[in-house]
């Protein structure tokens, strides 16, 4: 029974991959600007058709809105939760098309056209010789900007989770290993991370994922507690590595990857307090670019109701 179920599951995945390849072929035939524009239109259509996802996205934004409105940099012109959600879907549609182009080797222009700003913050941190941990999140097109750093600078090792479907893991690994970058998988990552930091290398961590309770702590994020990895705080305390925020954003038809000043760990050495400082860096991005963050994802899952 288990073997039969496994076979059916693999068959389902293979059929899904085949359907995805067929569906993406038109993207390959169009120039990037046209394809990306159509991706935005598809995202807008998905906003209308995917009722459950739309409602969950709007709820996430609505719940976070009081916290956003209390932060410096909030622009009331950002609109209602529904308007922010619609633009979020548009951005995701564009991002999906760009990643398709990248997977098929047609995204070089998108990568090379990405501008890096604030590099002085990275270079200053690197001068200390202890390694650099980039604090980032699912902002803009996080795959494109990672490739841009590898193309225009030293490259980094991205800490990622293995996918449930192994062929998808291999596909993403091939994608992320381009342009001077590499992948470190979260399971058993400590040794590789320490080795890279000792060589004064750079590590990229997407901190805005809800980790399992055994892998992190409940730390405030956008006004509510969320399960958050404390790995960057612990690594910085143990190795002296610099914690440097860096986020991508979409400006017209191109991307910008901007780095910000290094975040000093909590003076008392409290990893939760340091992690809260890192969450604030992500919040500062979201408050200025609310429609370029991954609101469709439930950042606050598995949190007890009393929190």
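Residue numbers (our numbering): 19 to 325. Every residue, glycine too, gets a C-beta built ideally from N, C-alpha and C. No experiment lies behind these values; they were computed from the predicted model shown.
Classify residue i as buried or exposed, calling it buried when 16 or more other Cβ atoms lie within 10 Å of its own Cβ.
i	result
residue 47	exposed
residue 111	buried
residue 234	buried
residue 297	buried
residue 199	buried
residue 70	exposed
residue 197	buried
residue 33	exposed
residue 286	exposed
residue 99	buried
residue 114	buried
residue 223	buried
residue 283	buried
residue 125	buried
residue 134	buried
residue 237	buried
Identify the residues that DSSP records as bridge partners of residue i: which are they?
i	result
residue 265	276
residue 246	235
residue 222	152, 176
residue 160	DSSP lists no partner for residue 160.
residue 134	275
residue 260	150
residue 203	178
residue 311	157
Out of the options, which one is the CA nearest neighbour of residue i?
i	options	result
residue 103	68, 119, 136	68
residue 213	229, 278, 253, 180	253
residue 92	319, 301, 156	301
residue 40	63, 61, 122	122
residue 139	280, 320, 82	280
residue 144	77, 260, 245	260
residue 215	225, 239, 255	255
residue 101	89, 113, 119, 79	79
residue 153	250, 257, 29, 25	250
residue 312	42, 74, 43	74
residue 120	245, 88, 165, 146	165
residue 308	42, 26, 89, 43	89
residue 94	319, 224, 306	306
residue 147	219, 223, 291	219
residue 195	174, 204, 211	174
residue 176	211, 245, 284	211
residue 45	76, 116, 77	116
residue 299	96, 239, 141	239
residue 72	106, 96, 207	106
residue 137	204, 262, 51, 43	262
residue 49	87, 118, 77	118
residue 248	291, 221, 141	291
residue 319	257, 142, 229	229
Closer than 6 Å to a non-hydrogen atom of the ligand NAP - does that hold for the CB of residue i?
i	result
residue 216	This structure does not include the ligand NAP; it has no bound ligands of any sort.
Taking the straight line between their C-alpha atoms, what separation do you get for residue i and residue j?
i	j	result
residue 269	residue 317	25 Å
residue 266	residue 163	6 Å
residue 209	residue 264	24 Å
residue 192	residue 232	30 Å
residue 217	residue 150	10 Å
residue 63	residue 108	9 Å
residue 277	residue 295	16 Å
residue 19	residue 179	Below a pLDDT of 50, predicted positions are generally treated as unreliable, and residue 19, at 44, falls in that range; no measurement from the model is reported.
residue 322	residue 201	33 Å
residue 65	residue 315	14 Å
residue 54	residue 288	44 Å
residue 310	residue 242	20 Å
residue 227	residue 245	8 Å
residue 29	residue 203	26 Å
residue 221	residue 207	11 Å
residue 141	residue 43	41 Å
residue 77	residue 87	16 Å
residue 257	residue 205	20 Å
residue 26	residue 303	43 Å
At least 3 beta-carbon pairs within less than 8 Å: the region 165 to 172 vs the region 121 to 138: Touching, per the Cβ criterion.
Three CB pairs or more closer than 8 Å across the region 150 to 167 and the region 260 to 275: yes
The region 52 to 60 contacting the region 80 to 97, beta-carbon criterion three pairs below 8 Å: no
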